[in-house]
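Heads up, the thing below is written out as structure tokens.
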Amino acid sequence: MTVEEIVAKLGLQVLTGQAALQREVTGGYACDLLSCVMARARAGNIWVTLQAHANVVAVASLLDLAAVVITEGVQPDAATREKAEAEGVALLTTSKTTYAVVSELARLGIAASA
Amino acid sequence: MAAAGSSLGSNEAPPGAIPVTKSQELVYELKIGDIMTRQPITVGPDCLMSELKEILRVKRISGVPVLEAGELVGIISLEDLIVALERGETGARVGDRMTRRVQTVYADESVIQAVNCFARHGYGRLPVVDRQGHLVGIVTQGDVVRGLLRQLDVQWQEEEIHRYRASHIFEDIESDQTGLVLRYKVVARDFVRGGEASSKLKRALERLGARPQLMRRVAVAAYEAETNLIIHTDTGGDLIAEIQPDRIRVVALDTGPGIADVQQALQPGYSTAPDWIRELGFGAGMGLTNIKACADEMRLESRLGVGTRLEAVFNLTLEEQRRPRDS
Numbered sequence: 000m001t002v003e004e005i006v007a008k009l010g011l012q013v014l015t016g017q018a019a020l021q022r023e024v025t026g027g028y029a030c031d032l033l034s035c036v037m038a039r040a041r042a043g044n045i046w047v048t049l050q051a052h053a054n055v056v057a058v059a060s061l062l063d064l065a066a067v068v069i070t071e072g073v074q075p076d077a078a079t080r081e082k083a084e085a086e087g088v089a090l091l092t093t094s095k096t097t098y099a100v101v102s103e104l105a106r107l108g109i110a111a112s113a
Numbered sequence: 000m001a002a003a004g005s006s007l008g009s010n011e012a013p014p015g016a017i018p019v020t021k022s023q024e025l026v027y028e029l030k031i032g033d034i035m036t037r038q039p040i041t042v043g044p045d046c047l048m049s050e051l052k053e054i055l056r057v058k059r060i061s062g063v064p065v066l067e068a069g070e071l072v073g074i075i076s077l078e079d080l081i082v083a084l085e086r087g088e089t090g091a092r093v094g095d096r097m098t099r100r101v102q103t104v105y106a107d108e109s110v111i112q113a114v115n116c117f118a119r120h121g122y123g124r125l126p127v128v129d130r131q132g133h134l135v136g137i138v139t140q141g142d143v144v145r146g147l148l149r150q151l152d153v154q155w156q157e158e159e160i161h162r163y164r165a166s167h168i169f170e171d172i173e174s175d176q177t178g179l180v181l182r183y184k185v186v187a188r189d190f191v192r193g194g195e196a197s198s199k200l201k202r203a204l205e206r207l208g209a210r211p212q213l214m215r216r217v218a219v220a221a222y223e224a225e226t227n228l229i230i231h232t233d234t235g236g237d238l239i240a241e242i243q244p245d246r247i248r249v250v251a252l253d254t255g256p257g258i259a260d261v262q263q264a265l266q267p268g269y270s271t272a273p274d275w276i277r278e279l280g281f282g283a284g285m286g287l288t289n290i291k292a293c294a295d296e297m298r299l300e301s302r303l304g305v306g307t308r309l310e311a312v313f314n315l316t317l318e319e320q321r322r323p324r325d326s
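Those protein sequence lines, which keep their order, are chains U and L. If you're matching positions, the first sequence starts at 0 in numbering that gives the first Met the number 0 and goes up one per residue. If you're matching positions, the second sequence starts at 0 in numbering that gives the first Met the number 0 and goes up one per residue.
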């Protein structure tokens with residue numbers, strides 16, 4: 000399933016990274032601690048988090064994640080959005096909770112990353 | 000990203016502007032000096048039209064600048080020669096038949112100046128002078144076309160060459176032990192630029208042709224080391240990557256404050272990060288654990304009040320030592 004399909008099914012807002020929307024999502028990961036994400040998330044994963052600062056972009060870019068879903072209506076600032084656009088990282092936002100997003104992803108068949 | 004690429008000296012094109020093509024862009028970027036023919040053939044004013052005929056015939060050119068005592072005094076072309084031949088005046092001096100008011104261009108001007116000149120006046124060639132007025136070359140429409148084609152070719156090949164050269168560096172350079180050292184400065188508390196050093200390192204490894212799996216391990220370790228320098232040091236530090244054909248060593252160096260109990264620091268989950276840093280998602284106390292998990296060897300040395308040296312070594316498997324394009 001592509002990022003774009005997930006955006007449509009979950010009603011997410013696309014803030015940055017239009018070009019990344021065609022990417023195939025290989026699995027999912029949810030956590031707010033960046034070190035955990037660095038340790039466990041895999042390339043092509045969709046990452047669900049409450050964090051919205053610039054280092055989210057750095058982590059997503061280093062791990063080559065497919066997209067980041069920022070939950071509970073948190074909005075990244077302009078600098079973060081710029082960095083994401085420059086790195087080609089898809090930042091998606093939603094007012095739903097992390098748990099709600101993960102539940103829906105699971106229903107769509109997005110598996111936990113190994 | 001805009002399809003037009005960089006515009007002419009400014010990043011903002013006016014609304015509704017027609018996208019600039021690559022060759023249009025190059026016409027502005029390239030200098031006449033880059034494309035002109037240097038050390039052009041010249042004649043003196045006392046040269047006879049019959050001698051000029053031989054020069055044009057032998058050199059297969061259609062015109063030459065006329066110099067007198069090193070100064071540009073005129074230009075004489077094939078058309079002038081034809082007129083002289085018709086009138087049977089092959090014994091005339093070039094100085095009496097040449098065009099005296101010569102349109103010139105400067106070597107440091109954009110090629111667009113020459114293009115405009117050709118279009119406006121219908122000239123076949125333009126003498127090129129430096130700012131002191133001395134003749135340094137000649138430019139024809141053929142030079143413009145050749146210059147543009149060459150530049151397009153060069154730019155197209157550049158990235159390929161970069162990548163190729165980088166991936167062959169360890170074969171092309173002969174020594175008993177070849178290594179590449181990359182050093183990145185990391186500034187304390189600069190969370191906005193967090194991850195920048197590790198991103199650059201990752202890109203460098205990409206160019207060197209590293210395998211994705213290896214790249215990921217190094218990137219994770221480098222990111223954690225970089226983050227530690229940002230969060231915990233007094234004045235930041237250096238992130239150094241030493242790349243060798245069979246292994247990569249990442250070292251994070253700082254000058255304080257140092258770690259009181261190194262063994263305790265290595266416990267998963269042990270953290271000294273203050274709350275405001277935890278709220279940013281850092282300080283989970285897993286950085287060192289992550290580095291250890293990614294690297295083949297990890298060493299942590301620290302003295303309170305002196306500084307900390309963290310070293311992570313990645314041994315490349317035989318498979319990883321081969322360039323991807325060979326497999």
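Built from N, CA and C at the ideal position, the CB exists for glycine as well. Remember, predicted model here, so these are calculated numbers, not experimental data.
Q: Quick one: grab the DSSP three-state call for Ser198 (chain L).
A: helix
Q: Could you check if Ile109 (chain U) is buried or exposed, using at least 16 other CB atoms within 10 Å of its CB as the buried criterion?
A: By the neighbour-count rule (16 or more Cβ atoms within 10 Å), Ile109 (chain U) is buried.
**Q.** Endpoints, alpha helix (DSSP H) assigned at Gln320 (chain L)
**A.** 317-320
Q | Outcome for Val138 (chain L) when other beta-carbon atoms lying within 10 angstroms are tallied against a minimum of 16 | A | With a threshold of 16 other beta carbon atoms within 10 Å, Val138 (chain L) meets it and is buried.
Q: Select from L:Val185, L:Gly43, L:Leu77, L:Arg99 the residue whose C-alpha is nearest the C-alpha of Thr232 (chain L).
A: L:Val185
Q. If you check the beta carbons only, do Val27 (chain U) and Val101 (chain U) fall under 8 Å apart?
A. Residue 27 (chain U) is actually Gly in this sequence, not Val. Yes, the Cβ-Cβ distance between Gly27 (chain U) and Val101 (chain U) is below 8 Å.
Q.
Can you confirm whether Met0 (chain U), when its beta carbon is compared against all beta carbons of chain L, has any partner nearer than 8 Å?
A. No, because no Cβ of chain L sits closer than 8 Å to the Cβ of Met0 (chain U).
Q: Can you grab the Cα-Cα spacing for the pair Asn227 (chain L) / Leu49 (chain U), in whole Å?
A: 22 Å
(Q) Contact defined as beta carbons within less than 8 Å: I believe Ala78 (chain U) pairs with Ala38 (chain U). What is the distance between those atoms, to the nearest angstrom? (A) Not a contact, Cβ separation roughly 26 Å.
Q.
Tell me the rounded alpha-carbon separation between Leu151 (chain L) and Leu61 (chain U).
A. 33 Å
Q: Please confirm whether Thr36 (chain L) and Gly193 (chain L) have their CB atoms less than 8 Å apart.
A: no
Q. Looking only at DSSP bridge pairs, what is Met297 (chain L) linked to?
A. L:Ala311
Q.
At the level of alpha carbons, what is the spacing between Leu80 (chain L) and Ser166 (chain L)?
A. The alpha-carbon separation between Leu80 (chain L) and Ser166 (chain L) amounts to approximately 57 Å.
Q. Residues of chain U with a CB under 8 Å from the CB of Lys201 (chain L): which are they?
A. Chain order gives the chain U residues near Lys201 (chain L) as Leu61, where near means a beta carbon separation below 8 Å.
**Q.** the region 41-75 of chain U: positions lying closer than 9 Å to chain L by Cβ
**A.** Residues of the region 41-75 of chain U that bring their beta carbon within less than 9 Å of a beta carbon in chain L comprise Arg41, Ala42, Thr48, Leu49, Gln50, His52, Ala53, Asn54, Val55, Val56, Ala57, Val58, Ser60, Leu61, Leu62, Asp63, in sequence order.
(Q) Mapping the DSSP letters down to three states, classify Gly94 (chain L) as helix, strand or coil. (A) helix
Q.
Residues of the region 12-41 of chain U in Cβ contact with chain L at a cutoff of 9 Å, in chain order, please.
A. Ala18, Cys30, Asp31, Leu32, Leu33, Ser34, Cys35, Val36, Met37, Ala38, Arg41
Q: List the residues that DSSP assigns as beta-bridge partners of Thr48 (chain U).
A: U:Ile69
Q: Can you give me, in chain order, the residues of the region 278-290 of chain L that have a beta carbon less than 7 Å from any beta carbon in chain U?
A: The residues in question are Leu279, Gly280, Phe281, Ala283, Met285, Gly286, Asn289.
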